Every structure is written in structure tokens, then in C-alpha cells.
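Novice: In the numbering used here, the protein residues as written are 2 to 323.
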Ligand code: SF4
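Next up, the structure:
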């Protein structure tokens, strides 16, 4: 049975930063053309702010803007309902309600493909999730196994590249000279989206800061961070930010931590506090940066410069929280 879905839109935001090769390879192998929305820009932000409820966090607003950018370009838009991927923590509640929020906020949308991923449920691991959605999109069960294997391969390769090449694998140019080395913590959609982050990584590189993030760490390093935590967070991306922070705190080559938080983020209130207290305890410099739609370029640059200058001048005299 043909579904008429030849083009599938992928909003280039939120979980796209983690799962892009998985989605793109899988659907591509099934003969479906995937079309990602453009990189975030002012128009996307404006559309998102206009269409989303006021009290949503800024990433959810941006996501709505990406959906609007795809609205007239594709036969369907893929917005999976991500509940649990690692078998333990859930995604933040806004990820779970995302397809419903989008349906109610954005008018005249094409079909929304919104399968639920919750690997804690029997028979609903990643493979079965992909088989189900592959069937839904193509209307038949052909080539699912081959598409699944290729997608897993591409997904694994991305992870290995991030760990081996660091931020260069994300398209960032590493600093020529290193003045200080920092752990940069936050959710992928806050760190790697140049527009949403205000060009944070590029700015830090220009200041001579070498950076590591949760995604550039090995699974073993993450696991070591996890064992230091008395109680894990409830949310997948929040755990990764905290575990990476705890790992960096044990590294003498790391001069400080920056935590990038999104305005209006509930989980971040807890993540930020935990990181701040851990930094105090370990006598490591810490800066929390909250990004919203009004974050100005000059203000951000000034804060980063001041923090980096402070770290450089303190480097010889030991570490301290600011
Ligand atoms: S984790 Fe925070 S920033 Fe991300 S979607 Fe949830 S509330 Fe928004």
C-alpha cells in the first residue's frame, strides 16, 4: 500500500543533533527523500516565537520555527515522540509532548509522523521502533533490515568521529593556540547550533579556548562521571551534562566549566545548581550562561572574554569558582 510520502521533513533542531545520521540513512535506504530544515536563522526564530505558547523554553520555540520552514516543502514531517532511548532516563516532558504541541500550534501542516520511542517497553527497542516507522512511511515492509543495519552503522560512525576528532567533527575550527582548556556543558541543540548559541563555540575558539563537550567524551568517561553521582537526574540529556561535568572536574588539564542553559528550561534549574555546587566543592571555576531570544552578541562576548581572562590570570595561582 503506497502512502504517498516521497519527501520527509526533518526539523534541524533538538534531537536532530544526536540522531540525524540514523534518521537520514534509514529513510534514505527505504527510498524516501529526507529534507532537513535550514540551519536556524532569524526567520525561523521569529516564526517559532510567534507560533509557540509564551512560556515554552527557547529551544521548543526554535523547533516550531523549523517545522514551519518545512511546512510547504514536504509530504510529511518526522517528529518522533522520544520517551526513552538509553533504557533508564526519559527525555524532558517537552520532548514527549512535542508532536501534540506542534499540531496544536502550527496551522496547515502536512502529515506528522510521530512514533513513540521507549526502549523500556517490551519489544520496543530501537530496531522495532525503526521497523514500525519504516512501515508507516513506506506502507510496506521491504528493505527494513538492510536500512536498519546501515542506519546503525552511520550512527555509530558519527559517535566515533565525535570522540576522535572533537569539535572539528561538528564543523568548528579548533583554536590555533590554546590559552585555557574548558569543559563546555549543555544540550546538543544549545551547543552546536551556531544561531541558538550565539556562536558561542566559535567565540571561545577565537579566544584561544580548547573545548570538550559531553559528546566528545568516550562512554567510559561518561560512566565514570555517573558513578560519582549519588542520584541521577530524570532526564537523558541532563544526565549527560552532569556526568560530563563530574568527569571534567577530575581532570587537572581542565581549567574551568561553562554550562549553557536555555531560558525557560525546567531541568536546567537543577542541572545548573548541581554543577555549580560540584565546582565549588572541587575549587574549579564555573560560569553559567543563559541563552534566550534576546541574548545580545556584544553582551555574550564581553562575558566570555572576562571569564577567559580571569582563568588565564588565575592559571598559575590555583583554581577558584567565580
Ligand atoms: S530540556 Fe529544557 S531546554 Fe530542552 S526541551 Fe526540555 S525544557 Fe526545553
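Virtual Cβ for every residue (Gly too), placed ideally from N, Cα, C.
As the structure is a prediction and not an experimental result, all values here were calculated from the model.
Look up residue 37 in the DSSP assignment and give the residues it is bridged to.
Specialist: 11.
Novice: In this structure, what does DSSP give as the bridge partners for residue 288?
Specialist: DSSP output for residue 288 lists 259 as bridge partner(s).
Novice: Closest to residue 121 by C-alpha separation, out of 84, 224, 287 and 220, would be which residue?
Specialist: Nearest C-alpha to residue 121: 84.
Novice: Are there three or more Cβ pairs, one per stretch, closer than 8 Å when the segment 141 to 150 is compared with the segment 96 to 108?
Specialist: No: fewer than three Cβ pairs fall under 8 Å.
Novice: Could you spell out the range, first to last residue, of the alpha helix (DSSP H) harbouring residue 46?
Specialist: Counting along the chain, the alpha helix (DSSP H) containing residue 46 begins and ends at 43 to 52.
Novice: Out of 309, 128, 133 and 209, which has the shortest C-alpha to C-alpha gap to residue 115?
Specialist: Residue 133 is the option with its Cα nearest to residue 115.
Novice: Return helix, strand or coil for residue 181, following the three-state DSSP convention.
Specialist: Strand.
Novice: Check whether the Cβ of residue 199 lies closer than 7 Å to any heavy atom of the ligand SF4, and answer yes or no.
Specialist: No, since every heavy atom of the ligand SF4 falls outside the 7 Å radius drawn around the Cβ of residue 199.
Novice: Given this structure, state the Cα-to-Cα distance separating residue 94 from residue 69, to the nearest angstrom.
Specialist: Rounded to the nearest angstrom, the two C-alpha atoms are 22 Å apart.
Novice: Please classify residue 308 as buried or exposed, where buried requires at least 16 other C-beta atoms within 10 Å of its C-beta.
Specialist: The residue in question, residue 308, is buried, as its Cβ has 16 or more Cβ neighbours within 10 Å.
Novice: Verify whether the separation of the beta carbon atoms of residue 183 and residue 192 is less than 8 Å.
Specialist: No, they are not a contact pair.
Novice: Buried or exposed: which applies to residue 196, given that a residue is buried once 16 or more other Cβ atoms fall within 10 Å of its Cβ?
Specialist: Burial call: exposed.
Novice: Does any C-beta atom of chain D lie closer than 8 Å to the C-beta of residue 303?
Specialist: Considering every chain present, this structure includes no chain D. It has just one protein chain.
Novice: Quick one, are the C-beta atoms of residue 210 and residue 230 less than 8 Å apart?
Specialist: Result no, Cβ atoms of residue 210 and residue 230 do not sit closer than 8 Å.
Novice: Quick check on the burial criterion: 16 or more other C-beta atoms within 10 angstroms. Buried or exposed for residue 48?
Specialist: Residue 48 should be labelled buried.
Novice: Since residue 158 is in the alpha helix (DSSP H), which residue starts that stretch and which ends it?
Specialist: Where residue 158 is concerned, the enclosing alpha helix (DSSP H) stretches over 145 to 166.
Novice: Tell me the residue span of the beta strand (DSSP E) that contains residue 210.
Specialist: First-last of the beta strand (DSSP E) with residue 210: 210 to 213.
Novice: Using a threshold of 7 Å, is the CB atom of residue 257 nearer than that to any non-hydrogen atom of the ligand SF4?
Specialist: The answer is no for residue 257.
Novice: Work out the CA separation of residue 113 and residue 5 for me, nearest whole Å.
Specialist: If you take the alpha carbons of residue 5 and residue 113, they lie about 13 Å apart.
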